[in-house]
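In terms of UniProt numbering, the sequence shown opens at residue 1 and continues consecutively.
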Amino acid sequence: MMEKNAVILQRRIASFLVLLLMMIFILAVRIGWLQFIDGDRMAAKVANQVKDSQILQSPRGTIYDREGRELAVSNLTKSLYADPSEIKDPDSIVSLLAPLLEMQPGDMKERLSAGGRFIWIKRMIEPGVTKQIEAVIKESNLRGLGFLEESKRYYPNDNLAAHVLGFVGTDDVGLDGMEMALDKVIKGTSVEHFVDTDSRGIPIFKSIFTFAPPKQGKNVYLTLDSTIQFIVEQSLDKAMLTNRPQGATVIVMNPHTGEILAMANRPTYNPNQFYKYSMREWKNRAVAYNYEPGSTFKSVVAAAALQEGQLYPEERFIDNGYVEVSGRRIRNWSDESYGNVSFVEVIEQSINTIFVQIGMRLGAYKLIEYAKAFGFGKATGIELPGEEEGLLFRPEDMRDSDVATMSIGQSIAVTPLQLITAVSAIANDGVLLKPYIIKEVRNVDGSIEREGVTQSVRQAISPETANRLTALMEKVVLEGGGKKASIKGYRFAGKTGTAEKLQDDGSGYSAGRYVASFVGFGPVEDPQVAILVVLDDPKGSYYGGEIAAPIAGEILGKIMRHLNIYPQIANEFPAPKENIQTSSMPLPNIQAPPGKVVVPNVVGKSIREAGDALTQAGLSIVPVGTGVAVRQSIMANTIVEAGTEINVYFEAR
């Protein structure tokens, strides 16, 4: 019996040992599997439980004007996030923070109730609001909320050059203008940064700031001149109030280099708050607006006819007030008959019937050939997004009536940039240049990576033809339809235009709706600037010579002063005596005698605010620099003549 029990015990011990060995073997195999086969995956899993990763983007490079004045800068700002799993009372957080963040309570509560470990509440909050929120979080002991720093784009001059600069979205992506065109250049680099977390997945903040930040993006210098840009935009704002057009565009260009010195549109927007505006207000009409140029295109027709020997400046014509082509009657814009006229008078008075005759002499093929030679029908290739190509007939498809209407600037669609580029070729001895707006791209160390250069496209017409046409266009400003653009002491050449506006669907013309324009350049003896003014669907008077030419004249006068190009008549623009004002403290009000005005204090104001204040006072501003006004050339409360120019000096905030 005892022997039998001993045998059973031995068997049980043996079974236990076998089972134990099997378990040890299985455990060893598992350990080996985890160590050698699945080790990397498990190590990563452990790391992920105590680390979180973030993609960190370097601040965008700065955009400057040609003189190094800031147009777009990046600063670090804070964004508020939440860990919904840590939030026990979302209603309390909503009631405390929604008013400060200017968020709808329902939207904020929905985000806090979404679940998960990380959600953005609001990105890129202004510093003042951030301080208020931090105080509320501390005072109310709110859990589950925190801040992370991000780079935010600022435009120190608000809507100045908005359509050129564009804007940046909340994920640091350029969405329009230069911000979009050069996004990869300006944006710089991004790095993945691992952040230590506690057992609940909440970032340990010391680890957020113990890293080497990625390198900043490259800096961009534009060809724009901030002072000329401001002069243009101030005149555009006045035109919007006076003429009430649906839209407006002004471009200023150096005809000898192709550099864009100013480009402005209305309606406009503030890129600091781009989300408050519509796509219509974002649109850069200077490059993305097709319109019939009307009589401004006659300068190209005249250039073609002079170059081909189909026209002589001293030639005389008979105007009967209308001409019929293919059953279509074309009248003069004035409905008048001018009788026996020289070509000088034809271009001065922009006589439609004679230009139809000249166009018919040229024919469809030559007309299209010269339109293409001047750059029409093809994008200029400027470094801005959304550029249109315009519209040109194929010559083989043109009827006589198409040739006739194209000769007076209809049956062709152009962009403002194409037109000013073409007229700049006339000012540049007939050489068409490619317009450009990027002066330099610089690395962070200041070295130049890329430089804008003058590029000749082709010789559109001979220098002799260009000089003859310039003399004719000067007559337009001196004695013809563009005389409201003239400035005493200066010689300018130009051409006005008044075109019927096409319907939106392109099916015909809109009754009573027009596009008024003026294009010109000067001084004639050595052209430094070319200018185009386009007013789309103005109210009241709609003739280019009546409403576009005066705007051009006002802008050109101020630009000449800014460029230190003085009139041939002495003391036309006497320099103001400087008595520097540097304090923003308010001064007592005083009354000016009749015919005089009191200089307001603009120290501490933005360019826009200073310009508005001086304009309302009846004075003219010459801005120097960008940002906030730090001093002005004539002290506040000084009594001066109306129209006196005040130099206002601006510095970055």
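Yeah, the Cβ is synthetic: ideal placement off N, Cα and C, and Gly gets one too. All values derive from a computational prediction rather than experimental measurement.
Judged by their CB atoms, K439 and R66 are nearer to each other than the 8 Å cut-off. The Cβ atoms of I354 and F317 sit closer than 8 Å to each other.
Fewer than three Cβ pairs drawn from the segment 278-286 and the segment 392-404 lie within less than 8 Å of each other, which leaves the two stretches out of contact. L614 sits close to V602, with the two beta carbons spaced by under 8 Å.
Inclusion of I186 and R60 in the CB contact set at 8 Å is warranted, their separation being smaller than that value. A distance below 8 Å between beta-carbons, with the five flanking residues on each side excluded, links R361 to the following residues of its chain, in chain order: A305, Q310 and L311.
Within the same chain, and ignoring the five residues on either side of Y81 in sequence, the residues whose Cβ sits closer than 7 Å to its Cβ are F118, I119, W120, I121, G146 and L148. In the DSSP assignment, D536 falls within the unbroken beta strand (DSSP E) covering V529 to D536.
The segment 468-479 and the segment 261-276 do not touch, with fewer than three beta-carbon pairs separated by less than 8 Å. The C-alpha of E179 lies about 30 Å from the C-alpha of E292. The beta carbon of K378 is closer than 8 Å to those of K372, E389 and G390 in its chain, skipping five residues each way along the sequence.
C-alpha of G217 to C-alpha of V168: approximately 14 Å in a straight line.
Spatial neighbours of A162 in its own chain (CB-CB distance under 6 Å, excluding positions within 5 residues in sequence) are listed in chain order as T268, Y269 and P271. Straight across, the Cα-Cα distance linking V423 with L367 is about 16 Å. Its chain contains V301, A302, A305, Q310, L311 and S407 as the residues whose beta carbon lies nearer than 8 Å to that of I358, once the 5 sequence neighbours on both sides are disregarded; these appear in chain order. Under DSSP, no beta-bridge partner is assigned to V457.
Across the structure, G481 and T227 are spaced so that their CA atoms are roughly 29 Å apart. In the assembly as shown, A642 is an exposed residue. Its beta-carbon has fewer than 16 other beta-carbons within 10 Å. Shown here for S510: same chain residues with a beta carbon closer than 6 Å to its own, the five before and five after excluded, namely K501 and Q503 in chain order. Only residues of its own chain outside the window of five on either side were considered, and among them E292 have a CB closer than 6 Å to the CB of Q410, listed in chain order. Within the same chain, Cβ atoms closer than 8 Å to the Cβ of K596 are found at I639, V640, E641 and A642, the five residues on either side in sequence being excluded. Taking a contact as a CB-CB distance under 8 Å, the pair V441 and V220 counts as one, their CB atoms being some 6 Å apart.
Using a 10 angstroms sphere on the CB of Y365, the tally of other CB atoms stays under 16, which defines it as exposed. Shown here, P271 sits in a helix according to DSSP, grouped into three states.
For the pair N75 and P538, the CB atoms are not nearer than the 8 Å cut-off. Contact check for V457 against L433 passes: the beta carbons are separated by less than 8 Å.
In the structure shown, M263 falls within a strand segment according to DSSP collapsed to helix, strand and coil. The segment 483-492 and the segment 547-557 touch, with no fewer than 3 CB-CB distances between them shorter than 8 Å. Residue pairing of F376 in beta bridges, as defined by DSSP: absent, with no partner found. In the same chain as P255, and ignoring 5 residues on each side of it, the C-beta atoms closer than 6 Å to its own belong to S424, A427, N428, F521, P527 and A530, in chain order. Taking the Cβ atoms as the reference, L165 lies roughly 16 Å from I251, outside the contact range of under 8 Å. Here E345 has Y338 and I351 as same chain residues with Cβ atoms under 8 Å from its own Cβ, once five neighbours each way along the sequence are excluded.
For R561, the enclosing alpha helix (DSSP H) covers residues A549 to H562.
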